[in-house]
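Working notes, beginning with the structure itself.
Protein chains in written order, with our numbering: chain A, 1 to 221; chain S, 1001 to 1323; chain B, 2001 to 2689; chain F, 3001 to 3490.
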């Protein structure tokens, strides 16, 4: 088989990880959204490469959906939202950047160890599995970490979507995606989730006049 | 212990019972007289004649009884209950005969609680008139009684345990009248314990003063303040009998010499004589104690009873645990 | 054969009658007063009818249990075919029959009493509910002592607790009732936790919840399991029985319930704890470790002495009685402790004396305590207050109630010739006999226990002089005592019945003892026909003091009283009495407020045992215009409930403080919630590596 | 027959949702919803009997599959849905009358109610674990607006937390499913049925243990979040507390069991692949943790609905713990408890809803003397408290006792002691607050509340049901639960 495709996939996967790290260290909301968009485009590219390189044609739908929904649709919705709610475009951290990056480094190591048994389980492990799987797990964990360490409601949406990107990447890497109908369902769900989350951010902003989740602390105990 | 069989023995038993009944009715005023006389002598007074207590009782019986308007039937019944229970205990006690008529009934616990029944009613009657003194006396009497009872049970425990029975008759007949048993340290300690109990239970100095007229220090007298006439006579008589009961306990359990060994007339008469000597002696000792001690404050009395309790416990320890 | 058949039928009849009563009650008793007077009268009849049904039920089971006790054979009753726990069988073995007898006797009296008592609630409170709970309570108690399966036992045990809970909170508008209910249900639930644990431990060895299988396997369990079972039973049943220090619910709960129910609770329900202990300690576990008996003995002594001391400090008539229940449970446990100690040591002779003493006192306490509660109920019913300081002189207005209370008071003070004495005497004997044969280590415990028992009963006498004297004697202390009437005949009849029982059991205890001996034999797994040891023979059978003496004592008491009266006549004593006012130290007359109070009465004891009570007082003098004339003086006297202030409250406070800290977990920050997920995931992954 | 049943369960709610979103007619909305839930429930009962007779039922293309386990949960979920649909009628009418909501809210409510039912049915009926995941996520999404129904600050906050936390969880679960798929692919090849439960359970012993272990961790965290196992339960008190009472009830009685169901499916695979110990220890630990976490919040609580939410956390813990005990008896107890807990939770949430209507508050301190204000509700509430805390003669006692017995029988004495201790402690909190609300005098005069008479009948029926389950479980249900337990054993 042509070695270019796996090589490109590896490269893109690494780039996805880099964008994730950039998200972690970023301070501007808009930049956040753009990075996420970039990440999604690269994800779509990975999927496309899988189609080309491995002949998994059913993923083509995913490619289109990823590009449409994640790379274009959701970023647009989020940017609109950010404009509408007129929040300070700075991001509040509850954990500072240095420590965040350290934690993320640790997460990457953990992801590698977690991926280890999965990789070794297959007698002939493809390059894609060996390289991409750890990256996808890292992206997923970092996405979760972003959610726990950022205060703005919008950043949590992006964290969640990053997580999902990670999961999707892992799906691509080890199983070349799910059966198509399942894939469709998952995409639909994610789209709806993003929309609903957006609606809630909007409503929260309207009601509380802020999207800082620190004010969302009336319900305790 | 069992009643003798045969017609003759039953007759003898009946006779003995009658003698004992008469004795416990007749003796107590005398004992009271002896104490009063000895006290007087110890204080360099002439004192009333020995018959004075009899005359007092007789006089009281002749007088009209005053009954408070606030009282109920409890007030009237109490003297009879007190007198009856006390007298019953006295007739069940071992005194001077080997075959006391109802000897098998002279269970120590029963006797203690029979006395308790009398006290219960007396204490109630004191509350019946609605005067503060009655309540005061009643409260103190019941308090002291509750502290006395454990000491009392414990004081005869050692002796009872060696006899293997709580039956006073059995205990009395099991104590061997030898010097070694008399001067046994355990016996002496137990005797001391029971002696203190006796003082407390019969309302003698240093626990109570039977002759006091200072209301605030009274215990027994405060309770019977409202009584007069025959009611008072019965109560006074009963308390004299009670003293005799405790003297008999002290005398017969710890100095068992003198309880007749058989039913023969000689033994019987000797028994009575020795018994009288013992009782007389104890009366003098009590008089001595009363003359040389002051009455304790009410809240010192528990300490004294604690002493009695400890003495009894020590006697038990000496007898059974350290051999 | 015919014999057992009859008792079976009677037992089923009684169960059915309880069920019918429970169902009919809420249906027949209207909540609101019917408009017509005929309707109201009809409602009254309905209530009476339902209580009569419960009375019939109790009577039936009374007879059934008596038959079983006499025939000394166990009877199985299986009225219902199938339940999720398997076959539902009630068994009347001697032990169950005895407790059933106690329950039914009191149940009968209380049902009769309630005929009159509940009428006063009609249309004011939900009498239908009372009828339902009353019948269910009796039914469940009956079941508790007769079921033969661990799960079922827990079910009926919990059912009994629920029924009692709603009875305690029957007058739920009052804050103390609610508090008492909460305390009760919380404590009893903790108890159930231990009971379930106990049954599960037994189950893990026998692989079945049947009592029969426990009986076979439990005695052969390893000591660890046995001790666990013992410990769980002691706590689980101890809470229900009100053993100090597990008693705190009892003095709150018993007074809160309506008085007829207080009588059932105090007289009978706490005995189910005793039943459980006997069942588990002897019937299941067989022999124990030497220290078990001592543990029980220490609890017993503590409960009896502290129980009576706390009772002395109470001015609330029903609370006072409730504390006395704790005391009497202590006395019952003394017998059980003796039985445990000597059964373990292999001396069954003395064990039987102890056990019989415990059982006998159970019966006696049931009769006199319910008598006392019923007569206290009569007092509360007519005066509307439980506070003794507001009562006084009731003997003139409630002569019968007063007399019945007096009977109960004499009985509970263990004075001859009533029944309290008979069983305490037996307990004394058990200790005394125990001393004879015990090893050195046990020896010291016996006389000290005896002394403490003597202390307890003497203090009880003091307490009841106070309770009776302050409540019924003297003059009335408040307006509560103005216009009051004696209770109706049915309430008096119930009290009379119990009073007669007190007298009967006291005068002829041998009758009871001869029927209790087979129970003890059964419990200790002895051959009933086997000869008793010499000690037992001397203590129970052949000892005339308890067999014949009481009758004689009674006769002699009467005889000598006659002698006294005759003597007065013969001595030509003056038989005239003149009615005069009480001497008032020369003042114009005595005011009721000059009388001794309950607080004053107990002062010497409060001072002597101040280390237990830690009394404190605050004196508040208002407007001292001149040092000699003080217009109002207010004295607040407090005694500490030591277990409450030094054990339970600190414990509860520290638990609550800890919980408040733990509650910080729910921060309200979504980030921290996500962090929980994140960290858990990381840790799990880390551990899975 | 199977077509009719699948239609009634799956298609009908979807149709109902469509109809509801189109009409503004109140009676129509109510009628359609109640009818849909009622028919679904009837179908579920019928389904249960079919399953008893022939043990499984699947659609022709094997996308839908029902066995005893799913049939049992379907029964519980549709039953809860039917009860809450009935209750919603009264609840929303009162709120509409009080002006707390408008008709558009009512329409939204009933539409989403139907969607919610549909999503849950998707989870329960699909054979494909991928659809199971989709249904689960969709159920979160459909309930988000129901949780935030009142559009007040509190409800928005609750909904936000609910949706974010559950989405995170479910995303993690997706990774777990992908891992499982990956593991299965290597055995069945590229077949599209590699995610079918029927296939997976068959090949489970041959799956790679390492991967399945990892997958289970993600699944546990994921569906655990959805079910509300500590420490992923944090959304629960907020969501249950702020949602309208019938929705809280349906979530506690239905949704929780759906999430647990998913978890149990994977549990069955894991035990077959890696042996019982791994999953069983995890479940026991998290079960006890969930129970323990509830303790401080039940003992110290101000809000009557949050009290119930924490109780839900506790009971999910109980079920998880019971499954962790890993014996047939324990599985039986766990599944029985699922039913009992659902009914008890319905009773409690619905009565609390009544109390809220009567007192205009869900704060415990504001509610007192309920027995005088709403007698029937108060009685049901206190009975519900005794039932949920494991008192006989109600169902939960039987199931909890079974669980404890199972634990003692297979040597897990210490965990069971902890379990019993926590159950006992929880009761103390419940009765403390319960008696405060039910007994005493009302603080102030309250305007009478007009509840639909059907409400008391409904809740009374539920109480009766719980009583029946506690005294004489119907044999067919017994069999069904037993068969479901067999599914867990694989």
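Don't be surprised by glycine CBs; every beta carbon is placed ideally from N, CA and C.
Looking at C-alpha atoms only, which residue of the options is the closest neighbour of residue i?
i, options, result
"residue 2453/B", "2527/B, 2305/B, 2368/B", "2305/B"
"residue 2490/B", "2042/B, 2019/B, 2048/B, 2029/B", "2048/B"
"residue 3252/F", "3381/F, 3069/F, 3346/F, 3044/F", "3346/F"
"residue 2354/B", "2449/B, 2408/B, 2119/B", "2449/B"
"residue 2379/B", "2308/B, 2399/B, 2060/B, 2363/B", "2399/B"
"residue 3466/F", "3427/F, 3397/F, 3430/F", "3397/F"
"residue 2594/B", "2604/B, 2507/B, 2582/B", "2582/B"
"residue 2359/B", "2332/B, 2373/B, 2377/B, 2372/B", "2332/B"
"residue 2508/B", "2519/B, 2601/B, 2431/B, 2364/B", "2364/B"
Name the DSSP bridge partner or partners of residue i?
i, result
"residue 2271/B", "In DSSP, residue 2271/B forms no bridge with anything."
"residue 2090/B", "2077/B, 2147/B"
"residue 2694/B", "For residue 2694/B there is no data in the structure shown, the boundaries of chain B being 2001 and 2689."
"residue 3128/F", "3196/F"
Assuming contact is defined by CB atoms lying nearer than 9 Å, are residue i and residue j in contact in what I supplied?
i, j, result
"residue 2368/B", "residue 2420/B", "yes"
"residue 2168/B", "residue 2180/B", "yes"
"residue 54/A", "residue 176/A", "yes"
"residue 3408/F", "residue 2154/B", "no"
"residue 2317/B", "residue 2463/B", "no"
"residue 1199/S", "residue 1082/S", "no"
"residue 163/A", "residue 140/A", "yes"
"residue 3110/F", "residue 3033/F", "yes"
"residue 148/A", "residue 2674/B", "yes"
"residue 2014/B", "residue 2073/B", "no"
"residue 3484/F", "residue 3072/F", "yes"
"residue 3133/F", "residue 3173/F", "yes"
Taking 6 Å as the limit between beta carbons, can you name the residues of its chain near residue i, skipping five residues before and five after?
i, result
"residue 3118/F", "3013, 3014"
"residue 1019/S", "none"
"residue 167/A", "140"
With residue i as the anchor, note down where its alpha helix (DSSP H) starts and where it stops.
i, result
"residue 3065/F", "No alpha helix (DSSP H) holds residue 3065/F; the beta strand (DSSP E) holding it covers 3065-3067."
"residue 1143/S", "1132-1163"
"residue 162/A", "153-175"
"residue 2243/B", "Segment: none, residue 2243/B is in no alpha helix (DSSP H) and carries neither H nor E."
Between which residues of its own chain and residue i is the CB-CB distance below 7 Å, once the five residues before and five after are set aside?
i, result
"residue 2529/B", "Low per-residue confidence applies at residue 2529/B: pLDDT is 48, beneath 50, and the placement is therefore not dependable, though the value from the model is reported in the following sentence. Around residue 2529/B: no qualifying Cβ."
"residue 3351/F", "3377, 3380, 3381, 3384, 3459"
Excluding five sequence neighbours on each side, which residues of the same chain lie with their C-beta closer than 8 Å to the C-beta of residue i?
i, result
"residue 3064/F", "3006, 3010, 3058, 3125, 3126, 3127"
"residue 198/A", "77, 78, 81, 157"
Would you give the residue range spanned by the beta strand (DSSP E) that residue i belongs to?
i, result
"residue 2578/B", "2577-2580"
"residue 3498/F", "This structure cannot settle anything about residue 3498/F, because the visible part of chain F is limited to 3001 through 3490."
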